[in-house]
Amino acid sequence: MIECRNLTKSYSELQAVSDFNLHLEEHEFLSILGPSGCGKSTLLRLIAGLEVPSKGQVLLEKLEISGKKIILPPESRKFGMIFQDFALFPHLSIEKNIAYGVNGSRRDKQKRVEELLKLVSLQHLASKMPHQISGGEQQRIAVARALAPRPRLILMDEPFSNLDYKLRLQLRREIRVILKHEGVATILVTHDQVEAITFSERVLLMNKGKLVQAGTPEEIYQQPQTLWASSFVGEANHLSVEWEETSLKSPFGFLDVPAEIGKETRILMVRPEDFILVSAPDGEANGIVKTVEFSGAAQTVGVELKSGEKIQVSGSPHLLWNLEDPVKITAGRYLCFNSFGDRLDGFIAK
Numbered sequence: 011m012i013e014c015r016n017l018t019k020s021y022s023e024l025q026a027v028s029d030f031n032l033h034l035e036e037h038e039f040l041s042i043l044g045p046s047g048c049g050k051s052t053l054l055r056l057i058a059g060l061e062v063p064s065k066g067q068v069l070l071e072k073l074e075i076s077g078k079k080i081i082l083p084p085e086s087r088k089f090g091m092i093f094q095d096f097a098l099f100p101h102l103s104i105e106k107n108i109a110y111g112v113n114g115s116r117r118d119k120q121k122r123v124e125e126l127l128k129l130v131s132l133q134h135l136a137s138k139m140p141h142q143i144s145g146g147e148q149q150r151i152a153v154a155r156a157l158a159p160r161p162r163l164i165l166m167d168e169p170f171s172n173l174d175y176k177l178r179l180q181l182r183r184e185i186r187v188i189l190k191h192e193g194v195a196t197i198l199v200t201h202d203q204v205e206a207i208t209f210s211e212r213v214l215l216m217n218k219g220k221l222v223q224a225g226t227p228e229e230i231y232q233q234p235q236t237l238w239a240s241s242f243v244g245e246a247n248h249l250s251v252e253w254e255e256t257s258l259k260s261p262f263g264f265l266d267v268p269a270e271i272g273k274e275t276r277i278l279m280v281r282p283e284d285f286i287l288v289s290a291p292d293g294e295a296n297g298i299v300k301t302v303e304f305s306g307a308a309q310t311v312g313v314e315l316k317s318g319e320k321i322q323v324s325g326s327p328h329l330l331w332n333l334e335d336p337v338k339i340t341a342g343r344y345l346c347f348n349s350f351g352d353r354l355d356g357f358i359a360k
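With our numbering applied, the sequence shown covers 11 to 360.
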């Protein structure tokens, strides 16, 4: 449906987007995830037609809509946009905000407005003004307005970042259901890793204007291609290791790793939930509990290993740990990375 080919945007010496490639299928939900200032909003504006690319193309149904030969105006692309600040018209009522941009007779417009107000469960607010409703209600109205002209694609730029945590969680779920109901393809731009991996079927991880990794949420989290990716998406422990004769020496013992992988491995990445933590007498312990953080559904235990390295271990909140408890740590699953911070493919210890 939508394709970006070697898309680049430069501002003087700064290259905000660099040779970016993207492909979005019909009805697909895609997240573009990255830190602030990485170029993801610029990429979204290039797709929307709000920015002119320095190089590369944007194609819709295999036809060029941005490139050297043509720049199709935003209003001709039939894309809906949802912004961080909702961008409702303050002088128009809720129903007039939704009706804005809808073509057809007055009767057709009214039917579409009623249909969308019902979809977002806000029929009772039709005559209200934007300043008279809450932030969560404004966001749902912004979604309804974006959907009103039946767009080919919805573009969302940090749409939940101005909302509090619980409302953000609730709206993310509700809006996903609404967009799925309408069957419209969606691109979400966000710096929030949880938002990206729970909202979309596929995630593009972006840093410094470039695509770092693409995959399903599970692939991005479970199989990061770089140490940077492992740290940006989720929590990660990075531990120094070295090859000794036939096995990989780690802070928690020798690991059975194929020689061709082990000889290149310099860093081990272990997710906090992939450690196994048990009480142990001093003679068998390889770590000491230094911190304990209870967060309701989980507990995070900070452990200092005998090597001096510090790790974070997550587990059941029902197991009680005391500071200075001697413990034995093993890793149930880990990934191997070379000295350049790249994952050594073909081996995932489970």
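From the three backbone atoms N, C-alpha and C, an ideal C-beta is built for every residue, glycine too.
So, with DSSP's three-state summary, where would you put Asn332? Asn332: coil per DSSP, three-state reduction.
Tell me the start and end of each unbroken beta strand (DSSP E) in the region 249 to 318 that is at least 3 residues and wholly inside, in chain order. Within the region 249 to 318, the runs of beta strand (DSSP E) that reach at least 3 residues and sit entirely inside it are, in chain order, 252 to 254, 257 to 260, 263 to 265, 277 to 280, 285 to 289, 297 to 304 and 309 to 315.
Just the Cα atoms here: how many angstroms apart are Trp253 and Lys300? Going from the Cα of Trp253 to the Cα of Lys300 covers about 29 Å.
Buried or exposed: which applies to Arg116, given that a residue is buried once 16 or more other Cβ atoms fall within 10 Å of its Cβ? Exposed: under 16 other Cβ atoms inside 10 Å.
When we look at the beta-carbon of Gln180 and count the other beta-carbons within 10 Å, is it buried (16 or more) or exposed? With fewer than 16 other Cβ atoms within 10 Å, it is exposed.
Identify the continuous beta strand (DSSP E) that holds Phe30 and give its terminal residues. Its beta strand (DSSP E) spans residues Leu24 to Leu34.
Using a 10 Å radius around the Cβ and a threshold of 16 neighbouring Cβ atoms, would you call Ala58 buried or exposed? Per the 10 Å Cβ criterion, buried.
Leu157 beta carbon less than 8 Å from that of Glu192: The answer is yes: Cβ separation under 8 Å.
Where in the region 54 to 133 do unbroken runs of the alpha helix (DSSP H), each at least 4 residues long, occur, reported from the N-terminal end onward? For the region 54 to 133, whole alpha helix (DSSP H) runs of length 4 or above, ordered along the chain, are 84 to 87, 104 to 109 and 116 to 129.
Quick check: the Cα distance between Val361 and Lys78, rounded to an integer number of angstroms? Lying before the first or after the last residue shown, residue 361 is absent from the chain, which here runs from 11 to 360.
Counting Cβ pairs closer than 8 Å, one from the region 167 to 179 and one from the region 18 to 25, do we hit at least three? Taking 8 Å as the limit for Cβ pairs, the verdict is that the region 18 to 25 does not touch the region 167 to 179.
So, at 7 Å on beta carbons, what are the nonlocal neighbours of Gly49 in its own chain, with the 5 sequence-adjacent residues on each side left out? For Gly49, where only same-chain residues beyond five positions count, the Cβ hits under 7 Å are Ala26, Val27, Met216 and Gly219.
Which of helix, strand or coil does DSSP assign to Ala341? Here Ala341 sits in strand by DSSP.
The beta strand (DSSP E) that contains Leu17, what's its start and end? First-last of the beta strand (DSSP E) with Leu17: Ile12 to Tyr21.
Write down every uninterrupted run of the alpha helix (DSSP H) in the region 136 to 212 whose length is 4 residues or greater and which is fully enclosed by it, in chain order. Positions of the alpha helix (DSSP H) runs, each at least 4 residues long and wholly inside the region 136 to 212, are given as 145 to 157, 175 to 192 and 203 to 209 in order along the chain.
Taking the alpha carbon of Glu105 as the reference point, which residue from Lys88, Leu132 and Lys65 has its own alpha carbon closest? Selected option, being the one with the closest Cα: Leu132.
Cβ pair count under 8 Å reaching 3, the region 183 to 197 against the region 221 to 228: Counting Cβ pairs under 8 Å, fewer than three are found: no touch.
Under the assumption that Ile108 contacts Arg150 (Cβ atoms under 8 Å), give the Cβ distance between them as a whole number of angstroms. Not confirmed; about 11 Å, so no contact.
Here's the rule: buried if 16 or more other CB atoms are within 10 angstroms of the residue's CB, otherwise exposed. What is Asp292? Asp292 is exposed by the Cβ-count criterion.
8 Å CB neighbourhood of Pro83 in its chain, flanking five on each side removed: Sequence-distant partners of Pro83 (beyond 5 residues in either direction) whose C-beta falls short of 8 Å from its own C-beta, in its chain, are Gly59.
Out of Leu163, Gly111, Glu38 and Val123, which has the shortest C-alpha to C-alpha gap to Leu54? Residue Leu163 is the option with its Cα nearest to Leu54.
Please state whether DSSP places Thr52 in a helix, a strand or coil. In this structure, Thr52 counts as helix in the three-state DSSP scheme.
Is the closest heavy atom of the ligand PLP to the C-beta of Leu237 under 7 Å? Absent from the structure shown: the ligand PLP. Ligands present: none.
Cα-Cα separation, Glu270 to Leu315: Our two residues, Glu270 and Leu315, have alpha carbons roughly 27 Å apart in a direct line.
Should Phe285 and Val243 be called a contact, given that it needs their Cβ atoms to be closer than 8 Å? In this structure, Val243 does not lie closer than 8 Å to Phe285 by Cβ.
Output needed for Gln233: all residues of its chain with C-beta closer than 8 Å, excluding positions within five of it in sequence on either side, in chain order. Taken in chain order, the residues that qualify are Gly225, Leu345, Arg353 and Ile358.
Tell me whether Phe242 sits in a helix, a strand or coil according to DSSP, three-state version. Phe242 carries a helical assignment under DSSP once its states are collapsed to helix, strand and coil.
Opposing strand residues paired with Phe6 [DSSP bridges]: No answer is possible for residue 6: it lies beyond the span of the chain, which begins at 11 and ends at 360.
Indicate the three-state DSSP secondary structure (helix, strand or coil) for Gln232 in the structure shown. Note: Gln232 maps to helix in three-state DSSP.
For Phe264 versus Phe39, is the C-beta spacing smaller than 8 Å? 8 Å or more divides the Cβ of Phe264 from the Cβ of Phe39.
Same chain, Cβ closer than 6 Å to Leu32, neighbours up to 5 away in sequence not counted: Closer than 6 Å at Cβ, skipping near neighbours: Cys14.
Same chain, Cβ closer than 7 Å to Asp266, neighbours up to 5 away in sequence not counted: Residues Ser257 of the same chain have their beta carbon placed closer than 7 Å to that of Asp266, with the five preceding and five following residues left out of the count.
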